[in-house]
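In full-length UniProt numbering, the protein residues as written are 1 to 209.
Glycine included, every Cβ here is placed at the ideal spot set by N, Cα and C.
Notes to accompany the following structure.
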């Protein structure tokens with residue numbers, strides 16, 4: 001596929017037309033738990049709970065404390081004290097869920113997608129989203145918004161999940177706070193159900209009860 005930023009982890013930036021195996025990467029011989037991708041960056045979680053990342057890094061979305069693109073999967077050492085459970089990659093940011101139920105984020109915060117209003121963009125090292133007080137069991141990321149489902153079945157959203165057309169159509173109207181919140185805000189309309197999973201795409205979100 002596309003490899004303009006090295007997001008395939010193959011050590012170069014040429015597009016690739018057929019699947020190729022990774023070479024000379026430290027995560028190659030480990031059990032791979034999950035793989036996910038965003039708008040030009042990729043992330044792999046190993047069975048040991050380590051996070052390896054590569055690709056586009058202009059806004060620090062790889063969490064490696066710099067903004068250079070990375071052409072091979074590289075260990076995110078900033079998370080060395082955590083066991084990573086799940087990663088959700090947005091367009092230019094990354095949401096990280098660790099085993100304790102804590103959520104961290106890094107990358108661009110131009111639309112409040114990191115869930116930490118006081119952080120100026122870019123954020124180069126994963127930061128805890130302190131305002132999420134409940135234990136989180138799943139996260140999701142869209143183009144510029146993110147979601148978290150808690151152990152108790154609540155859903156929180158932050159960033160902007162609205163397309164420009166929707167913003168224009170609703171100009172002057174009172175909208176639910178969670179649609180444009182800069183920190184986690186409970187999603188209304190789900191009070192009578194317990195959500196188990198969440199998913200997101202560019203401009204929409206899904207909750208599974």
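In angstroms, rounded to a whole number, what distance separates the CA positions of residue i and residue j?
| i | j | result |
| --- | --- | --- |
| residue 40 | residue 68 | 13 Å |
| residue 193 | residue 18 | 44 Å |
| residue 125 | residue 191 | 34 Å |
| residue 15 | residue 21 | 14 Å |
| residue 109 | residue 56 | 16 Å |
| residue 148 | residue 119 | 19 Å |
| residue 188 | residue 178 | 8 Å |
| residue 7 | residue 145 | 21 Å |
| residue 70 | residue 84 | 20 Å |
| residue 205 | residue 74 | 30 Å |
| residue 12 | residue 30 | 22 Å |
| residue 27 | residue 79 | 15 Å |
| residue 131 | residue 4 | 36 Å |
| residue 210 | residue 45 | Nothing can be reported for residue 210, as the shown portion of the chain is limited to 1 through 209. |
| residue 61 | residue 87 | 12 Å |
| residue 33 | residue 201 | 22 Å |
| residue 197 | residue 38 | 19 Å |
| residue 129 | residue 58 | 21 Å |
Taking buried to mean at least 16 other C-beta atoms within 10 Å of its own C-beta, is residue i buried or exposed?
| i | result |
| --- | --- |
| residue 65 | exposed |
| residue 92 | buried |
| residue 117 | exposed |
| residue 133 | exposed |
| residue 168 | Any reading at residue 168 must be qualified, since the residue scores a pLDDT of 47, below 50, and its modelled position is unreliable; no value is offered. |
| residue 42 | buried |
| residue 151 | exposed |
| residue 50 | buried |
| residue 208 | exposed |
| residue 138 | buried |
| residue 2 | exposed |
| residue 9 | buried |
| residue 81 | exposed |
| residue 47 | exposed |
Verify whether the separation of the beta carbon atoms of residue i and residue j is less than 9 Å.
| i | j | result |
| --- | --- | --- |
| residue 182 | residue 155 | no |
| residue 113 | residue 100 | no |
| residue 63 | residue 115 | no |
| residue 103 | residue 53 | no |
| residue 122 | residue 142 | no |
| residue 36 | residue 89 | yes |
| residue 140 | residue 95 | yes |
| residue 153 | residue 195 | yes |
Tell me, please, which residues DSSP counts as bridged to residue i.
| i | result |
| --- | --- |
| residue 140 | 147 |
| residue 95 | 88 and 105 |
| residue 128 | 104 |
| residue 186 | 156 |
| residue 178 | Paired residue(s): none; residue 178 is not in a bridge. |
| residue 52 | 44 and 75 |
| residue 37 | 42 |
| residue 197 | 208 |
| residue 32 | 46 |
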